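Residue numbers (my numbering), protein chains in the order written: chain L, 42 to 297; chain R, 438 to 735; chain A, 21 to 366.
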Ligand SMILES: Nc1ncnc2c1ncn2[C@@H]1O[C@H](COP(=O)(O)OP(=O)(O)OP(=O)(O)O)[C@@H](O)[C@H]1O
Ligand SMILES: [Mg+2]
């Protein structure tokens, strides 16, 4: 099977702190891949390097065999990689619909002149984009709240809008940073189905960070475990679960 | 141009640079802890010189007492500005506090224009500071020697505070991560006040020396030095105290030497800082000593 | 859809009918204030685009109107006028002989200012952070230094005199309306959404595929263009310009306007422009001597600015939303308002 994402000895240092140390991973097409680890292990930092929000101190990242280190985040997006944030970052003063529309930005089909003169190309593409955005909102069941301000939504809905917005960018790969955080067991369940559903519907490869073990174990085919910036295990959920290093990392975390 | 002249100008540049450095430290520290460009900082320096004038000519204090009074009074002014104008906006969007800072700056300038008028006041210079020294043919105003020495002394004291006292260490922690520092039980508000106090008192010292060197003061005198000091802070690396001092020295020396070497540029000397600021942003936006404080956190 | 367009066109016609009436019946004093209102409206709308909509704090208007004013004035002055005026040092020859009529001169003024905006924005937008404000503030101070010293271009401290008084109500309000339409169209497009996204959360915007550098640049250069044109209009209204004319006070006035109206709302900007321009005419009294009963309180020059700056701080602390927040007027919401009122009356 094709490798979608390949990280090779990716390292991130913040001053004296090595947040991620020589992290390597290969993620095959259409897989749902889990990244777990105790707090502060460096998981989000891995995401930030992959998406271009941080430039790795050293190491290489390939997306469909194309090196992407050094690209700006918006360039990485246009290659087909989208993400959500651990602490939900919607555009709070925009409506739900407008939030999703921003996802289409990088493939915008009209220019400034079309905009100022309101040429047919403008109206046509605005209409198409709005329809597509409404479709996406429908798939997360939020079509009724399209005109609400994002900041007015309840927490769970915001997560969904964030995912819809990421999907709007037309990704081949989706990075989800703790998508189930703050959800009750029921919501978590339906999120699980939802993730599988969008994987199939949009042909996605998914890399996700999650603390909810049940969630990760039942959703992901492969799991990598990060502790203090180092990958200490990788494999099938049941293998990882039994790995003594992993158990130690998590117990150590609880004792600390 | 001969070497003695160049040496002389170098000293003048050093003196001017220490003034910029003293003011720049206030910018850099405030930016470090609350990420605010305190546009009113140059005007706080102006307020300091007026306090000094009043202390000398109305209260009839001896110069050293006037100096001390000015430092403490200006520190107080800085803290009050923060408490009234900036603190209520700590959690608002960044643009709100920037707009307020501009408002405070404009307020101070115009309030002092209304009270004291726009006519420059002359600053009384104590005899101690007014002489000149002749060393091997190099003629130096005493003030040009005192200023760098005092500035360096202040810098040394400040570095000691930052690295060896509880407040100083908390202050540095704050500039790295406000939330964590708050979680660790530090009194963030007290630290921020402390930063404003230190920054303003250094600006006051800078203002007094400024007035001793260019003894004509007016309510708009803080604008240009303020801008140049900010350029110095960015050049040195915003957030870094020694960086601000170094940036100040560089801008002071460049300004004086450029005019000395190319006299037709004299009219443009106030444009140098601006050009330098643009160059720094283009080629080394993190400055000489700076870390990238703007790195996003997710 | 159609209905709203007709209503908009009708109100613009109504506005120009009023201007026609004003032009024929009002005194020169009121016409001047009407002209000022239009120019300020142009400036404030442009200024709000970069500050309120895109969220990039900037202090450019005084510097940029200066560039526009000088450019347009140099272009419309005749070679003979320039030769007579430049007495310290003659004008550089290629500018000396350059001559244009009013409209192209205004457009060139806008373009030149837009280019300056691009050059200033380039170093600033590549780095994150709040450097735009300090760079534009510094630019405003520097442009003054430069225009004082480049005597063979700007005539130095003597300034330019005898600029033809082309600007009238039609020009000012014509440009003000066009500016507002273009800016509104920009805001109501993907470009505008991206600008607001940058304002709300720059990291998220960039992670959603928005080239934030480009978006900020579009906002800033657009603002610069219209500020340049407004500067040109201003020069041909007051007919004499000099380096000391374009002080920070202009920028400060505009800042007050967009803050009172609501950062990000063009409707608010329009309301606040009228309030501030007319209000500051009224506020002139604080600078004049006052007679109350038998006492005479001497006028306090500069007091207006003190009041303005206190006003700005108080609004920022207690009423950050201004009049409109980020909301805009729309015909639909107006009709809705009437409908709900009717329902309430029943
Ligand atoms: N921009 C940054 N600058 C400095 N240090 C950072 C930055 N981002 C992360 N760190 C540090 O790197 C380490 C790893 O952080 P990271 O956010 O990647 O952890 P995480 O595994 O996502 O943790 P959590 O489960 O709490 O989200 C932490 O010690 C954090 O403080
Ligand atoms: Mg994380």
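Note that CB positions come from ideal geometry on N, CA and C, so glycine has one too.
Predicted model only: the values in this text are computed from it and were never measured.
Simplified DSSP state of residue i, which is helix, strand or coil
i	result
residue 124 of chain L	strand
residue 282 of chain L	helix
residue 341 of chain A	coil
residue 195 of chain A	helix
residue 296 of chain L	For residue 296 of chain L, the predicted model reports a pLDDT of 49, less than 50, meaning its position is unreliable and no value from the coordinates is stated.
residue 193 of chain L	helix
residue 699 of chain R	coil
residue 710 of chain R	helix
residue 480 of chain R	helix
residue 32 of chain A	helix
residue 130 of chain A	helix
residue 473 of chain R	coil
residue 77 of chain A	coil
residue 733 of chain R	Summary for residue 733 of chain R: the model assigns pLDDT 48, below 50, so the residue's position carries little reliability; its value from the coordinates is reported in the next sentence. Here residue 733 of chain R sits in coil by DSSP.
residue 723 of chain R	coil
residue 52 of chain L	strand
residue 328 of chain A	helix
residue 653 of chain R	strand
residue 265 of chain L	strand
residue 718 of chain R	helix
residue 74 of chain L	strand
residue 250 of chain L	strand
residue 347 of chain A	coil
residue 124 of chain A	helix
residue 289 of chain A	helix
residue 306 of chain L	The structure shown does not extend to residue 306 of chain L, since chain L spans only 42 to 297, so no value can be given for it.
residue 261 of chain A	strand
residue 679 of chain R	helix
residue 576 of chain R	strand
residue 46 of chain L	strand
Distance between beta carbons of residue j and residue i, contact taken as under 8 Å
i	j	result
residue 213 of chain A	residue 156 of chain L	Residue 213 of chain A to residue 156 of chain L, Cβ: 11 Å. No contact.
residue 73 of chain L	residue 262 of chain L	6 Å
residue 448 of chain R	residue 581 of chain R	5 Å
residue 61 of chain L	residue 270 of chain L	5 Å
residue 240 of chain A	residue 137 of chain A	5 Å
residue 682 of chain R	residue 592 of chain R	5 Å
residue 684 of chain R	residue 669 of chain R	4 Å
Residue interval of the alpha helix (DSSP H) (run including residue i)
i	result
residue 111 of chain A	Residue 111 of chain A -> no alpha helix (DSSP H), and no H or E assigned at all.
residue 89 of chain L	84-91
residue 228 of chain L	226-243
residue 595 of chain R	579-601
residue 210 of chain L	From DSSP, residue 210 of chain L is part of no alpha helix (DSSP H); its letter is neither H nor E.
residue 248 of chain A	232-258
residue 223 of chain A	222-227
residue 661 of chain R	660-673
residue 621 of chain R	Neither: residue 621 of chain R is in no alpha helix (DSSP H) and is coded neither H nor E.
residue 266 of chain A	Careful: residue 266 of chain A lies outside any alpha helix (DSSP H) and carries neither H nor E.
Bounding residues of the beta strand (DSSP E) (the contiguous stretch that carries residue i)
i	result
residue 362 of chain L	Here chain L comprises residues numbered 42 to 297, so residue 362 of chain L is not present and cannot be evaluated.
residue 99 of chain L	99-104
residue 273 of chain L	271-276
Any contact of the segment 482-496 of chain R with the segment 553-560 of chain R, i.e. 3+ C-beta pairs under 8 Å?
yes
Counting only runs that start and end within the segment 133-199 of chain A, where is the alpha helix (DSSP H) found for 4 or more residues in a row?
151-169 and 171-174
In chain order, which continuous runs of the alpha helix (DSSP H) of length 4 or greater are located wholly inside the segment 485-572 of chain R?
500-518 and 531-553
What are the start and end residues of each continuous beta strand (DSSP E) run of 3 or more residues lying completely inside the segment 111-191 of chain L, in chain order?
122-124
Touching by the beta-carbon criterion (3+ pairs, under 8 Å), the segment 177-194 of chain A and the segment 680-695 of chain R
no
Does the segment 319-332 of chain A touch the segment 255-263 of chain A, meaning 3 or more C-beta pairs lie closer than 8 Å?
no
Does the structure place the segment 42-52 of chain A close enough to the segment 136-144 of chain A that three or more beta carbon pairs sit under 8 Å?
no
Can at least three beta-carbon pairs, one atom from the segment 346-356 of chain A and one from the segment 572-591 of chain R, be found at a separation below 8 Å?
no
Three CB pairs or more closer than 8 Å across the segment 155-172 of chain L and the segment 101-110 of chain L
no
Does the structure place the segment 201-217 of chain L close enough to the segment 234-251 of chain L that three or more beta carbon pairs sit under 8 Å?
yes
Would you list, in sequence order, the uninterrupted alpha helix (DSSP H) runs of no fewer than 4 residues that lie entirely inside the segment 44-105 of chain A?
48-68, 81-96 and 99-105
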